[in-house]
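Single-structure report; data block below.
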Amino acid sequence: MMIWIPLLPLLVAVLLTLVRPTPRVAAGLAITGIGGASGLALDLFVRVAANRPTGPVVIDWLPGFNLSLAADPLAAGTALMVACVSLLVFIYSTGYMAGDPRAARFFAFLSLFAGAMLGLVLAGDLLALFVSWELVGLASYLLIGFWFHRPEAAAAARKAFLTTRVGDIGLFAGLIWLHSISPIQFTFFNLSHDPSVAPLLTQTPVPIPLALSLLLFLGAMAKSGQFPLHVWLPDAMEGPTPVSALIHAATMVAAGVFLVARTFPLFSSGGPGDPALAVIAWTGALTALFAALIAVAQNDIKRILAYSTISQLGFMMLALGVAGPAVAMLHLVGHAFFKALLFLGAGSVIHCAHGEQDIRRMGGLRRTMPSTFATYAVGMSALSGVPIFFCGFWSKDAILHAAHAWPISQGPFWMACAAALLTSFYMTRQMCLVFGGTPRHPTPHPHESPASMVGPLWVLALASILFSLVATPAWPWFEAFLNGHAAPLDLARIAEAGFLKIALASAALALGGIGLGWAIYRKAFPLTASDPLARRFPRLHRALENRLYIDEFYGATLLPGVRGLARLCAGLDRWLWDGLVRVTAAICRGLSISAHGLDEAGINDGVDRGCAQLHASGARIDRAPGRNAQSYLRWVALGVAVTVAFLLWIR
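Count along the sequence shown from 1, then add 307; that gives the number in the working numbering.
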């Protein structure tokens, strides 16, 4: 039954692409598909938690290559999170996308993404993971550019697709290298015990496994928006808000973290001081601080959350480098709940404000949107790390504790502390400007969002609170679940001197940032006035508002080189390769004339007639599918459906 978890939403995506029903029917089919996948994911999680044997599902694909699905604790726990968050986002989308004439296509793309992401987290081998990885990238491209009639959305989709391809090239090269080292079919179950891989990781010079690990990490950097490959994620906010909540907050951007956690034996072959882990830790710490600084000066409600997502992904990478998969996955799951809550809450605000996203033009919405305000406050508290009752506090505290105990350097710890302080500050700024004070730009007919949008907000808010019971160090259940052993309740663990000291410091950072933000922004400034920080630090604020000019730097340095390379390739294609074809054709024509005694006019006439027939055949082929991308996709979807049905039948 495990194979049906990713297959149900994928089949719904194929059906919606082929049939094109009404938006209401499409929404119902999509929710039914992801609802069934959620039920199966819950059943798988319960069976794995109860230590009931659940073997891998293996599909014969090509000689020497199989596609398999895993059912270990890491896969089961992550799949349940992805399925549940996806279900809530699907339900939310029925209200948010109401009235959009292309809503049926939206649910088809959303189902494609959900199925691909579930396939990624359940993949039992590197090949299956890479196939799902690429499908996730395709679905992300389609959803970011869903409103393709807007130039900003189309440009953002291209930017996301091309930037993540940089990382995918590294990942693909790493997979090829790893397979050449270990020609036998390796899976995640025996990756650390494969007899042909282990000698490489323990007996060869350091640069070989380090380079292999860094190639895999390059793919994780691009997908999870780590500096300097983070530039695509803020622009991806041009897509519909449910897309931001599902793909660019809860699931897809966490795929890079999941990849490193999945292949962690390759990164940790040299022990805690492995150079690959040091690279991951420093990259994560730098990304967390860098993105938090930029978020302080942003004014678009979704871009603030986008940079917040980049910062929290940096925390997860830092956790992988200094503590291992358990702490990183703990923060990943908790972050999925409260960041999806924040993005959906932002969508509710945008829905009320009739598309307005500038927080300087909002204010006073706590009165007109009480449910959105209450749930958004829960998400803000969890992200900021407000102590005791919110899961973000416990998981971030675990990261800081591990970073403080890291024997290599204290640098990442202090960078993470600064990022934690800034996080609570910019989230307090956002809360004050959006919900506090009085309206600075009155919205006509303000109202609360419909129940289909508010309901998922309350569920996610409740999950952000209840997950703190799993994340608390007194009951390290989640860590024990991933490691496959029992976790007794241990209240004495909280009283440990080192743990208590870091916990108090983490709480002080969260509350200090909230207090600082409240002191500066509790009084709403007029719409015509500048931000208080901009008045106090104009040059620094301008640099942060312009995202430290990273995009401009790429535009001035990398893009000219890329354009020059593109022109060179176009010139080679036109003059060299086409020239060779023309020369070959001329030689053949000359030989034909000399051999058969025909004049050149007759040869040319025969060639022209042949070309005309080929052109007419091509035109008929082009007309058959309908001469547009959507029709081509339907034929591709039909081929995928037939292939999947055949694979299931031969099993």
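Even glycine gets a Cβ: it sits at the ideal position worked out from N, Cα and C.
| Asked | Found |
| --- | --- |
| Span of the alpha helix (DSSP H) around D880 | It is not in any alpha helix (DSSP H) - D880 carries neither H nor E in the DSSP assignment. |
| C-beta contact flag for A815 and G692 at 8 angstroms | no |
| Environment of F414 [buried if 16+ CB atoms lie within 10 Å] | buried |
| Backbone CA spacing between T558 and V389 [nearest angstrom] | 6 angstroms |
| Through-space distance from A405 to F479, alpha-carbon basis | 40 angstroms |
| Host alpha helix (DSSP H) of E786 (start-end) | W784 to N790 |
| Beta carbon of Y856 nearer than 8 angstroms to that of C739 | no |
| Straight-line gap, A931 to L325 (C-alpha atoms, nearest Å) | In this prediction, A931 scores a pLDDT of 45, lower than 50, which makes its location untrustworthy; no coordinate-derived value is stated. |
| Residue ranges of each beta strand (DSSP E) within the region 817-851, 3 or longer | none |
| Beta carbon of A461 nearer than 8 angstroms to that of F453 | no |
| Sequence-distant residues of its chain with Cβ nearer than 6 angstroms to A602 (five each side left out) | I611, Y614, S615 and Y733 |
| When S678, I608, F788 and F644 are compared against P632, the one with the closest alpha-carbon | F788 |
| Same chain only: Cβ atoms within 6 angstroms of D542, ignoring 5 sequence neighbours per side | A463 and K466 |
| Collapsed DSSP secondary structure at L349 in the structure displayed | helix |
| 8 angstroms Cβ cutoff met for G340 and L318 | yes |
| Rounded separation between L627 and G526 - CA only | 15 angstroms |
| CA nearest to the CA of G820, picked from T735, G699 and A684 | T735 |
| Whole alpha helix (DSSP H) elements within the region 572-651, 4-residue minimum | 582-603 and 608-629 |
| Status (buried if at least 16 other CB within 10 Å, exposed otherwise) for M308 | exposed |
| 8 angstroms Cβ cutoff, G477 in contact with chain B | The chain inventory of the structure shown lacks chain B, comprising one protein chain alone. |
| Beta-carbon gap between G546 and L450 smaller than 8 angstroms | yes |
| Any non-hydrogen atom of the ligand GTP within 7 angstroms of F420 CB | This structure lacks the ligand GTP, and indeed carries no ligand of any kind. |
| Whole beta strand (DSSP E) elements within the region 366-443, 3-residue minimum | 372-376 |
| Cα-Cα separation, G402 to R889 | 59 angstroms |
| Best match in A812, D704, V656 and A643 for proximity to P677 [C-alpha to C-alpha] | V656 |
| Boundaries (first-last residue) of the alpha helix (DSSP H) holding W713 | Run containing W713: none; DSSP gives neither H nor E here. |
| Collapsed DSSP secondary structure at V538 in the structure displayed | coil |
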